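Peer 1: For reference, the structure I am asking about is given below.
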Amino acid sequence: MVEAEPFIIAGATIAAGSQADVSFPITTMATGTTSSLSVRVMHGARPGPAVFVSAAIHGDEIIGTAVIQRLAQELRPAALSGTVLLVPVANIFGFITHSRYLPDRRDLNRSFPGSAGGSLAGQLAHIFYREVVGRCTLGIDIHSAAIHRYNLPQIRIAAGNRRLVELAMAFGAPVIIESPLRDGSLRDQAHKQGVDMLLMEAGEALRFDRLSIETGVEGVTRVLAHMGMIEADDGLSAVGIPARANRSVWVRSPRGGVAQMVRQSGDPVRKGDLLACVSGLFGEESGELVSPVDGIIIGHATLPVVHQGDALFHIAAIDHPERVGARIDSITEAILASEPQGSPQRLLDEDEVV
Ligand SMILES: [Zn+2]
6 MVEAEPFIIA GATIAAGSQA DVSFPITTMA TGTTSSLSVR VMHGARPGPA VFVSAAIHGD
66 EIIGTAVIQR LAQELRPAAL SGTVLLVPVA NIFGFITHSR YLPDRRDLNR SFPGSAGGSL
126 AGQLAHIFYR EVVGRCTLGI DIHSAAIHRY NLPQIRIAAG NRRLVELAMA FGAPVIIESP
186 LRDGSLRDQA HKQGVDMLLM EAGEALRFDR LSIETGVEGV TRVLAHMGMI EADDGLSAVG
246 IPARANRSVW VRSPRGGVAQ MVRQSGDPVR KGDLLACVSG LFGEESGELV SPVDGIIIGH
306 ATLPVVHQGD ALFHIAAIDH PERVGARIDS ITEAILASEP QGSPQRLLDE DEVV
């Protein structure tokens, strides 16, 4: 067996088949306390690619933190070919204040590549990129919907990249969306430097739900198996075929008031199907929201109190939505059928379990 060379990071030398937690100082806070970015490095016994998994780049999108906690317990460096870098919280500042943003009001995911002498967000982006992203050939970055919104677990990838389509299919989330990259985003910067990235969207900000967490854990594990970094467990190869789309629409409330949702994420809809009714405070003058396209609902608002123009549904335009919807049901049922292992149950708030 060929043994991997040691992995050197943050001044630490990590031997083949072992793991270490390293941290990178980011800044000194107003109170004088220091803050740093924590990374677990799992360095495989055998040589192979380096892959990072990151969460909470938007500080309130914590689903990925739960996914990474599970991966940290389940992956074993001795059984790994290559290196996995786990970043449970990228936006360490927004995480503790339950905010998408940093204390300087910037969005970390619009601050790449950043610089050592830049803003707080720029410094964090610079270190995260230099020390983690730049060492890898693939990254999986996990997001959730914003507060009071829910996203069906889905993978977003850059358009026109066949390797990413293959990896997204291996991940096995119910839906794959191919979309253009945003300027200044982590994916945009990674793309420019030749680092492939899968972006997972799942669940709701500041909440955990079992479907999102299980989809993330199984998806990352399947991707590592697909790349030959771990032995695939039984059952991992049986993945339903995800739905694919390259166009999505937002459906907005026609009036302010109180929304009664008729449909939710995962539902197939036809153009003209009723999605929700929004009425006045006494239930009067109910306005109907209908789907403008044939497709699958990939995100919905969970807060019934709405203003005119609020986006209540996000729908991926897909042909044959009923057939695709049935396939999505079979994928989500398979994901939920797997028994949670190890210690995950203590992570779940009962009220939030799907
Ligand atoms: Zn996000």
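Count along the sequence shown from 1, then add 5; that gives the number in the working numbering. Positions of the beta carbon are idealized from the N, C-alpha and C atoms, including for glycine. What you are looking at is a predicted structure, and each value in this text was computed from that prediction instead of being measured.
From this set, L216, A61, S104, M6, which residue's C-alpha is nearest A339's C-alpha?
Peer 2: Considering only alpha carbons, the answer is L216.
Peer 1: Taking Cβ to Cβ, would you say R51 is nearer than 9 Å to L91?
Peer 2: Cβ atoms of R51 and L91: not closer than 9 Å.
Peer 1: Just how far apart, CA to CA, sit D299 and G314?
Peer 2: Distance between the alpha carbons of D299 and G314 is about 21 Å.
Peer 1: Near ligand 1, which residues have their beta-carbon closer than 6 Å to a heavy atom?
Peer 2: Those satisfying the condition are, in chain order, H63, E66, H148.
Peer 1: So, using beta-carbon positions, are M202 and D146 closer together than 9 Å?
Peer 2: Against a cut-off of 9 Å, the Cβ pair of D146 and M202 comes out as a contact.
Peer 1: Would you identify the three-state DSSP class for F287, choosing helix, strand or coil?
Peer 2: It is coil, neither helix nor strand.
Peer 1: In angstroms, rounded to a whole number, what distance separates the CA positions of A237 and L229?
Peer 2: For A237 and L229, the distance between alpha carbons rounds to 8 Å.
Peer 1: Can you tell me where the alpha helix (DSSP H) with A230 in it begins and where it stops?
Peer 2: A230 -> alpha helix (DSSP H) spans 215-231.
Peer 1: Is the distance from the Cβ of V283 to the Cβ of Q269 below 9 Å?
Peer 2: Contact: no.
Peer 1: From the DSSP output, in three-state form, read off D193 for me.
Peer 2: Looking at D193 - three-state DSSP - the assignment turns out to be helix.
Peer 1: M205 lies in the beta strand (DSSP E); which residues open and close that run?
Peer 2: Its beta strand (DSSP E) spans residues 201-208.
Peer 1: Counting only the same chain and skipping the five closest in sequence on each side, list residues whose C-beta sits under 7 Å from that of F176.
Peer 2: Excluding residues within five positions, the ones whose Cβ falls inside 7 Å are I160, L203, G224, R227, V228.
Peer 1: E258 by DSSP, collapsed to three states: which one?
Peer 2: The displayed chain sequence assigns Ser, not Glu, to residue 258. Three-state result, S258: coil.
Peer 1: Can you round the beta-carbon distance between P93 and Q74 to whole angstroms, since I take them to be within the 8 Å contact cut?
Peer 2: Rounded, the Cβ-Cβ distance is 7 Å, consistent with contact.
Peer 1: What is the DSSP secondary structure of E293, reduced to helix, strand or coil?
Peer 2: Reduced to three states, the DSSP call for E293 is strand.
Peer 1: Using three-state DSSP, classify H48 as helix, strand or coil.
Peer 2: Residue state, collapsed to three classes: strand.
Peer 1: Are the CB atoms of E171 and H231 nearer to each other than 9 Å?
Peer 2: Yes, these two residues count as a Cβ contact at 9 Å.
Peer 1: Could you tell me if D65 is buried or exposed, where buried requires 16 or more neighbouring beta carbons within 10 angstroms of its beta carbon?
Peer 2: Label assigned to D65: buried.
Peer 1: How many Å lie between I62 and N114 at the Cα?
Peer 2: Straight-line Cα distance between these residues: approximately 7 Å.
Peer 1: Starting from G99, trace the alpha helix (DSSP H) both ways and give me its first and last residue.
Peer 2: Segment 97-102, the alpha helix (DSSP H) holding G99.
Peer 1: Taking DSSP as the reference, what is the three-state secondary structure of P158?
Peer 2: In the structure shown, P158 sits in a strand (DSSP, three-state: E or B).
Peer 1: Where does H131 fall in DSSP's three states?
Peer 2: The answer is helix: DSSP assigns H131 an H, G or I state.
Peer 1: Kindly identify the DSSP beta-bridge partner or partners of H148.
Peer 2: DSSP output for H148 lists E206 as bridge partner(s).
Peer 1: Along the chain, where does the beta strand (DSSP E) containing R249 start, and where does it finish?
Peer 2: Here the beta strand (DSSP E) through R249 covers 248-250.
Peer 1: Quick one: what does DSSP say L352 is sitting in, helix, strand or coil?
Peer 2: Unreliable placement is indicated for L352, whose pLDDT of 48 sits below 50; no coordinate value is reported for it.
Peer 1: State whether the stretch 34-41 contacts the stretch 175-189, with contact taken as three or more CB pairs (one from each stretch) at a distance under 8 Å.
Peer 2: They do not touch, by the three-pair rule.
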